[in-house]
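> Per the numbering used here, residue 448 is the first one in the sequence shown, and the count goes up by one each step.
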Amino acid sequence: MGFQGLIVSDWNGIDEIPGPYEHDIEQAVNAGIDMVMAPDTYRAFIAGLKKNVADGKVSMSRIDAAVRRILTVKFKLKLFERPFRDPALLAKVGSPEHRAVARQAVRESQVLLVNKNNALPLRSSLTSVLVAGSAADDLGIQTGGWTITWQGASGRHTDGTTVLEAIKKAAPSATVTVSSTGQAPPGAQVAVVVIGEQPYAEMKGDRQDLTVDPRDVEVVRTAKKAGIPVVVVLLSGRPLILEPILG
């Protein structure tokens, strides 16, 4: 297929192959994996691979092919001439230019599912706004997994702006009421309910049921009872079943 790169396993990925570790190594390398990510068992991997080669279970030609792929990519990246990047570039991390790109990526990742009765966009001239939902003022839920830590975390563990903070900034003259239950105050013109999944990344976030959390549904229902437009913002890392809310 003309592929010019190299194949790398996932973190401890070959451990998922049934059988002894030595057998896992044989199966993985012969299947075409050029580089094995074995952070905890690299010594055992090296010893096992050598034994597989000595026993004729992995050919030297297969080893040569893997090494050739790896070295070719490193040469193309000029890692032998410049093994380290310019330390001066570190100052650009988190720079205004970087943040502008990040903001644009966020804008383009948003999906408008339903906009009944032209509820959106909200007017900056609003005078009373209800903000509700478990994720309305939680930066960690907004940013999700792989933020600062592997699984991410709820709460303010990095810099950023929550939805609640953004609404207050966008409509500075409005009275913004925060409610955990979705109870709207008299005179509220619109409700913004921000719901979503707790932060997660691969494996630990696996779910058997992708229906939106019943507690979030209840907040939306409560807000709807006020008879005002309700805007639901969903933060998630995968499609969720929204029927309880859409209904």
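For every residue, glycine included, the Cβ atom is placed at its ideal position computed from N, Cα and C.
These figures come from a predicted structure and were not determined experimentally.
Can you confirm whether the stretch 668-676 touches the stretch 621-631 when touching is taken to mean that 3 or more C-beta pairs between the two stretches lie within less than 8 angstroms?
Because the criterion of three Cβ pairs below 8 angstroms is met, the stretch 621-631 and the stretch 668-676 touch.
> Is it the case that the Cβ atoms of V640 and V666 are separated by a distance below 8 angstroms?
Within the sequence shown, numbered from 1, the residue matching residue 640 stands at position 193. Within the sequence shown, numbered from 1, the residue matching residue 666 stands at position 219. In this structure, V666 lies closer than 8 angstroms to V640 by Cβ.
> Residues in the same chain with beta-carbon distance under 6 angstroms from A485, minus the five sequence neighbours each way, listed in chain order, please.
Here residue 485 corresponds to residue number 38 of the sequence shown, with the count starting at 1. Excluding positions up to five away in sequence, the list reads F492.
> Starting from I642, follow the beta strand (DSSP E) in both directions and report where the run begins and ends.
For the purposes of this step, residue 642 is taken as residue 195 along the sequence shown, with counting starting at 1. Its beta strand (DSSP E) spans residues V637 to G643.
> For Y647, count neighbouring Cβ atoms within 10 angstroms of its own Cβ and tell me buried if that reaches 16, exposed if not.
To locate residue 647, count along the sequence shown from 1; it is residue 200. Result: buried.
> Taking DSSP as the reference, what is the three-state secondary structure of V680?
The residue labelled residue 680 in the question sits at position 233 within the sequence shown. Strand, per DSSP.
> Less than 8 angstroms between the C-beta atoms of E469 and K498, yes or no?
The residue given as residue 469 occupies position 22 in the sequence shown. The residue given as residue 498 occupies position 51 in the sequence shown. Yes, Cβ-Cβ distance for E469 and K498 is below 8 angstroms.
> Since A582 and G643 should fall inside the 8 angstroms C-beta cutoff, what is the C-beta to C-beta distance between them, to a whole number of angstroms?
In the sequence shown, counting from the first residue as 1, residue 582 sits at position 135. In the sequence shown, counting from the first residue as 1, residue 643 sits at position 196. Yes, they are in contact, since the Cβ atoms of A582 and G643 sit about 4 angstroms apart, within 8 angstroms.
> Can you list, in chain order, the residues of its chain whose CB lies under 6 angstroms from that of S508, leaving out five sequence neighbours each side?
Translated into positions along the sequence shown, residue 508 becomes position 61. None.
> Taking all protein chains shown into account, decide if G591 is buried (16 or more other Cβ within 10 angstroms of its Cβ) or exposed.
Looking up residue 591 in the sequence shown gives position 144. With 16 or more other Cβ atoms within 10 Å, it is buried.
> Could you check whether the stretch 610-621 touches the stretch 652-659, counting it as contact only if at least three pairs of C-beta atoms, one from each stretch, sit closer than 8 angstroms?
Contact between the stretch 610-621 and the stretch 652-659 is absent, because fewer than three Cβ pairs lie under 8 angstroms.
> Could you give the first and the last residue of the continuous beta strand (DSSP E) run that contains T608?
Position 161 of the sequence shown holds residue 608. Here T608 belongs to no beta strand (DSSP E), and DSSP marks it neither H nor E.
> DSSP beta-bridge partners for L577?
Here residue 577 refers to the residue found at position 130 when the sequence shown is read from its first residue. Beta-bridge pairing links L577 to T624 and A638.
> Thinking C-beta only, is A535 closer than 8 angstroms to S571?
For this step, residue 571 is matched to residue 124 along the sequence shown. For this step, residue 535 is matched to residue 88 along the sequence shown. No, the pair does not count as a contact, with Cβ atoms beyond the cut-off.
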